[in-house]
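Reminder that position 149 of the sequence shown reads as 695 in the UniProt record's numbering, one-by-one numbering, no gaps. Glycine included, C-beta positions come from ideal geometry on N, C-alpha and C. Remarks on the structure that follows.
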Amino acid sequence: TEAALRQAQKMEAVGQLTGGIAHDFNNLLTGVIGSLDLMQRRISAGRANEVERFVSAAIASANRAAALTHRLLAFSRRQPLDPRPVDANRLVASMEELLRRTIGESTRLEIVAAGGLWPTLCDPHQLESALLNLSINARDAMPDGGRLTIETCNAHLDTAYAARAREVRPGQYVCLCVSDTGAGMSREVAERAFEPFFTTKPIGQGTGLGLSMVYGFARQSDGYAKIYSEPGRGTTVKLYLPRFYGEGAEPEPSQPAVDAPHP
Ligand code: ADP
547 TEAALRQAQK MEAVGQLTGG IAHDFNNLLT GVIGSLDLMQ RRISAGRANE
597 VERFVSAAIA SANRAAALTH RLLAFSRRQP LDPRPVDANR LVASMEELLR
647 RTIGESTRLE IVAAGGLWPT LCDPHQLESA LLNLSINARD AMPDGGRLTI
697 ETCNAHLDTA YAARAREVRP GQYVCLCVSD TGAGMSREVA ERAFEPFFTT
747 KPIGQGTGLG LSMVYGFARQ SDGYAKIYSE PGRGTTVKLY LPRFYGEGAE
797 PEPSQPAVDA PHP
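In structure tokens, the structure reads:
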């Protein structure tokens, strides 16, 4: 059954998670222990003034270890999502300052907010952290600068799209489209990018959890996420979140919906 399959996939993800964390954590601890060891030797050799360098190194490693456990906690958090009606345009606008600081000055940020955007039903905090994760990835893909675009639109996913995408239900969604003009991904990388702990970044820089969190969030929200990428040209991640139909959240009737995107 679907529930059993989901359970098996979760167990597999937990297994990968444990292995990956143990590996990364060990590397970080090696850094901490190595620095402490050097500190101790310098102190007993009467060269305490050299110790500061090792203290900094130990603190840096310990901070990375702490960041790793935070991401792990966010990933495996048992607490259920807290879905609410969300105005994605407003949420993106409220993140503008944070995103600008995240991507740095060499990268331009462009926000394209659709008029008449439907409200969506999702956990706003999770959506924020998904957008932050996508922006960090975009920044990492554009070391020499470029453009990060966040675009919203209403989207109908038709039956044909749903059949091709398999996991998604046909219907009405709010789409958040995060694009960069960076390095892009090869087909092999794009196919595996949503896997927990899949990373092409050096140890200590990438955990491989960012996109798997984005994907997990989309699926748990009854939505969908998809990567479009071309090496050398850039990457687009489309996040589809279900339209909210509740009281007082009717779309403005004057605004026609945007048509279905192609998968
Ligand atoms: P991490 O960023 O820690 O490596 P992610 O799950 O966020 O983990 O991403 C997995 C991999 O997918 C990255 O290591 C990178 O190879 C690739 N990737 C993700 N986002 C982008 C992007 N915007 N451009 C190019 N490659 C990307």
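Going by the C-beta, is residue i closer than 6 Å to any heavy atom of ligand 1?
| i | result |
| --- | --- |
| alanine 639 | no |
| glycine 650 | no |
| methionine 688 | no |
| lysine 784 | no |
| valine 720 | no |
| alanine 739 | yes |
| valine 735 | yes |
| glycine 756 | yes |
| asparagine 573 | no |
| alanine 684 | yes |
| residue 828 | The shown model of the chain, from 547 to 809, leaves out residue 828, and the question about it has no answer. |
| methionine 585 | no |
| glycine 752 | yes |
| threonine 746 | yes |
Just confirm the distance between the C-beta atoms of residue i and residue j, as a whole number of angstroms; I'd bet it's less than 8 Å.
| i | j | result |
| --- | --- | --- |
| leucine 678 | threonine 648 | 7 Å |
| arginine 693 | glycine 650 | Their Cβ separation, rounded to whole angstroms, is 13 Å, which puts arginine 693 and glycine 650 out of contact at 8 Å. |
| glutamate 741 | serine 725 | Glutamate 741 to serine 725, Cβ: 22 Å. No contact. |
| glycine 756 | isoleucine 696 | So it is not a contact: roughly 16 Å between Cβ atoms. |
| threonine 666 | phenylalanine 790 | 6 Å |
| leucine 722 | alanine 634 | 6 Å |
| threonine 746 | valine 760 | Not a contact, Cβ separation roughly 16 Å. |
Between which two residues does the alpha helix (DSSP H) holding residue i run?
| i | result |
| --- | --- |
| alanine 639 | 634-640 |
| proline 670 | 670-687 |
| glutamine 751 | Run containing glutamine 751: none; DSSP gives neither H nor E here. |
| alanine 736 | 733-738 |
| alanine 764 | 756-766 |
Go to residue i, then tell me how far its beta strand (DSSP E) extends in each direction, as first and last residue.
| i | result |
| --- | --- |
| glutamate 697 | 692-703 |
| glycine 717 | 717-726 |
| alanine 729 | Looking at the DSSP string, alanine 729 is not in any beta strand (DSSP E), and its letter there is neither H nor E. |
| tyrosine 774 | 770-776 |
Query raised in the report: Three or more C-beta pairs closer than 8 Å, one from the stretch 643-658 and one from the stretch 778-793: is that the case here?
Result: A contact between stretches requires three or more CB pairs, one per stretch, nearer than 8 Å, and the stretch 643-658 fails this requirement with the stretch 778-793.
**Report entry** Inter-stretch contact at 8 Å, needing at least 3 Cβ pairs: the stretch 761-774 / the stretch 603-615
**Finding:** Touching, no.
Requested in this report: Spell out a yes or no on whether the stretch 595-604 and the stretch 575-583 are touching, meaning 3 or more CB-CB pairs, one atom from each, closer than 8 Å.
Outcome: Verdict: yes, contact present.
**Report entry** Three CB pairs or more closer than 8 Å across the stretch 625-639 and the stretch 660-675
**Finding:** Contact holds: three or more Cβ-Cβ distances are below 8 Å.
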